[in-house]
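One structure below.
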Amino acid sequence: MAQAVPAAHRRGFLSTLRIDAWWIEPLLVAASLGIFFGWLTISIFLDQWAFEIGPYISPVYEPKLFEAKGSIFISPAMVVLLGPVPFRATCYYYRRAYYRSVFLSPPACAVGDIGKTYKGESGMPLIVQNAHRFFMYVALLFIPILWYGAIKSFWNSDDTIGDTGIGIGLGSVILCLNAFLLMMYTFSCHSLRHFVGGGLDCFSCTKWTQARKRAWDWATLWNMRHRAWAWSSLVVIVFTDVYIRLVANDVISDPNTWGF
Amino acid sequence: MPTFNMRVFRGNKDGGEYREYAVEAEEGQVILDVIHTLQATQAQDLAVRWNCKAGKCGSCSAEINGKPRLMCMTRMSLFDAAAGAITVSPMKTFPLIKDLVTDVSFNYEIAKKIPAFKPRAPEADGTYRMMQEDIDRGQEFRKCIECFLCQDVCHVIRDHAENQPKFAGPRFFVRLAELDMHPLDTVDRLELARYDAGIGYCNITKCCSEVCPEEIHITDNAIIPLKERVADKYYDPIRWIGRKLKGK
Ligand code: SF4
Ligand code: SF4
Ligand code: FES
Ligand code: FES
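Pasting the structure below:
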């Protein structure tokens, strides 16, 4: 019998002719997603380890609708599960990130993907990713809420620690940076870009569509860096949360004008 | 003049093998030049498709060290002759004809299924007018040279040939987006995008954008906007109510 000769390409999971270190990116992304989202998940339910002090409150707990209950099932931070969490989970960039690095579908370009069959987002369950726009509407509401927390951090009304009144601390600056990055992450969203003007076929037709074109131009400019906003805002919200908790639990002290 | 060790696939649909050839490259040459030198000196029957040698005809698509690229736009200076062989393979997604040449007719069959541009009635003076800002988006898409490298790299059909009848692929999402965003066009192709073209299969992992030699932002500017337009029509109850209220 004639010996079967191999074809130009092997098929199957991880098969590739690439010789560069294609696995570094998915590995780093998977590890980073695990660390940062892992911490946020813990943080949401960790209301027993102080998350606020004086003018500062961790952005994970903004808006705080009720006091900490000390239960592992219910926490004042759970409000974020309605908006910011599903917003990120269905974000076009994070989808790319976790489909590649966690679902391995595909792990990298021209590297065999994991599934025997594949339907992507064409059927249940992933078809629900189409709801991203609704989470985007909710995420827009969180922008003023986060800025409220950031601006409030310049005013200490707690007379049990330090002076009261207007002031500034490193925590206030970090909270402003956090609010700014989360705002830019939302403003650079693909669904928002579509919503403000991308859905139009004629930009020039009326005064209204011309105004929407200008909004679309801005959204496009920010959208080109969506990945950068996604990572910077994720890293900074985790950093802010950890920083405020460390200050609130007296592990480190915050340089500020109130003197606590 | 460095001598490169070229590992080139030789064979047809029944199988084949990688053969190694030592080929000299001149300063400034690209992979396609070296393949031509090889053809002229050692392997006269080597099949390779090319036309322009300028990155504009889209004929010379192949996979170089496993990455989908145009042979004529891949400089030898990217490689270190001492670092081992350079592998040149035909595209994986399409049926092999011979050596580096594949049968890309799959793409032409899809192209036939996309309804052509159909403009609205001309203005009173018999002409059409469009503003530049309305066609900028489409102009990016018209840079496409139909090299089909994006189709080749797309895992939906690369790793799952069974999806080929259900999925048009990135090149045709570019085409659908171009027509759908056109200020004069009157045909609604969103049903096609959702069903027969299977845009839902794309999981926006962006390999198409990574390999496009024309640097078209396939995912950000064509696929995601098209997904959003499909969502407007099929997955957004608020817009659905809005359309009902407007009687559309
Ligand atoms: S982004 Fe979509 S169309 Fe492009 S290669 Fe990935 S799955 Fe295919
Ligand atoms: S979109 Fe880019 S990669 Fe795809 S066929 Fe056109 S030029 Fe080639
Ligand atoms: S937030 Fe990333 S695409 Fe909407
Ligand atoms: S030969 Fe025309 S694109 Fe390479």
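Chains as they are written, first to last, in my numbering: chain A, 1 to 260; chain B, 1001 to 1248. By construction, the Cβ of each residue, glycine as well, lies at the ideal position given by its N, Cα and C atoms. Note that the structure is a prediction, hence the values are computed from the model and not measured.
Check whether the Cβ of CYS1202/B lies closer than 7 Å to any heavy atom of ligand 3, and answer yes or no.
No, the beta carbon of CYS1202/B sits no closer than 7 Å to any heavy atom of ligand 3.
Contact between the stretch 1164–1175 of chain B and the stretch 1135–1151 of chain B: three or more CB pairs below 8 Å?
Flag = yes, the stretch 1164–1175 of chain B and the stretch 1135–1151 of chain B touch.
Could you work out which residues of chain B lie near LEU17/A, taking near to mean beta carbons separated by less than 8 Å?
Chain-ordered, the chain B residues with CB closer than 8 Å to the CB of LEU17/A read GLU1063, ASN1065, GLY1066, THR1087, SER1089.
Answer yes or no: do SER188/A and HIS226/A have a C-beta to C-beta separation smaller than 8 Å?
Cβ distance < 8 Å, so SER188/A and HIS226/A count as in contact.
With a cut-off of 8 Å, does the C-beta of ALA248/A fall near any C-beta of chain B?
Contact with chain B is absent for ALA248/A, since none of that chain's Cβ atoms lies less than 8 Å from the residue's Cβ.
Bridge partners - GLY165/A, DSSP secondary structure assignment
ASN156/A.
Could you list the residues in the stretch 1091–1112 of chain B with a C-beta less than 7 Å from some C-beta on chain A, going in chain order?
Residues passing the 7 Å Cβ filter: LYS1092, LEU1096.
Please classify LYS1112/B: does DSSP put it in a helix, a strand, or coil?
Note: LYS1112/B maps to helix in three-state DSSP.
Hey, would you say the C-beta of ALA1085/B is under 7 Å away from at least one heavy atom of ligand 3?
When distances are taken from the beta-carbon of ALA1085/B to the heavy atoms of ligand 3, even the shortest one reaches 7 Å or more.
How would you call MET1001/B, buried or exposed, if buried means at least 16 neighbouring beta carbons within 10 angstroms?
It counts as exposed.
Rounded to whole angstroms, what is the Cα-Cα separation between GLY1066/B and CYS176/A?
Cα to Cα, GLY1066/B sits roughly 46 Å from CYS176/A.
Please compile the residues from chain B whose C-beta is within a distance smaller than 7 Å of the C-beta of PHE203/A.
For PHE203/A, the neighbours in chain B by C-beta distance under 7 Å run, in chain order, GLU1133, ASP1134.
Is the CB of GLU1178/B under 8 Å away from at least one CB in chain A?
Answer no: the Cβ-Cβ gap between GLU1178/B and chain A never drops below 8 Å.
Do LEU1046/B and ASP1099/B count as a contact pair if the criterion is CB distance below 8 Å?
Contact: yes.
Please decide whether GLY32/A counts as near chain B, where near means a Cβ-Cβ distance under 8 Å.
Sequence check: residue 32/A is Ser here, not Gly. Under the Cβ distance rule, SER32/A does not count among the residues neighbouring chain B, no pair being separated by less than 8 Å.
Using a strict less-than 7 Å threshold between each residue's beta carbon and the heavy atoms of ligand 4, what residues do you get?
After applying the 7 Å Cβ criterion, the set is LEU1032/B, TRP1050/B, ASN1051/B, CYS1052/B, LYS1053/B, ALA1054/B, GLY1055/B, LYS1056/B, CYS1057/B, GLY1058/B, SER1059/B, CYS1060/B, LEU1070/B, MET1071/B, CYS1072/B, MET1073/B, ILE1145/B, CYS1147/B.
SER105/A Cβ short of 7 Å to ligand 3 heavy atom set:
No.
Assuming GLY1200/B contacts SER105/A (C-beta within less than 8 Å), just tell me the rounded distance between them.
GLY1200/B to SER105/A, Cβ: 14 Å. No contact.
Near-chain A residues of the stretch 1150–1179 of chain B (beta-carbon distance less than 7 Å), N- to C-terminal order
The residues in question are VAL1153, HIS1155, VAL1156, ASP1159, HIS1160, ASN1163.
Nearest to ASN256/A by alpha carbon, out of SER153/A, GLY38/A, MET224/A?
Here the closest residue by C-alpha is SER153/A.
Please state whether DSSP places LYS1118/B in a helix, a strand or coil.
Three-state DSSP puts LYS1118/B in coil, outside helix and strand.
I'd like to know if the stretch 188–208 of chain A and the stretch 242–252 of chain A are in contact, where contact means that at least 3 CB-CB pairs between them fall below 8 Å.
Taking a cut-off of 8 Å for Cβ pairs, the stretch 188–208 of chain A and the stretch 242–252 of chain A do not touch, as fewer than three such pairs fall below it.
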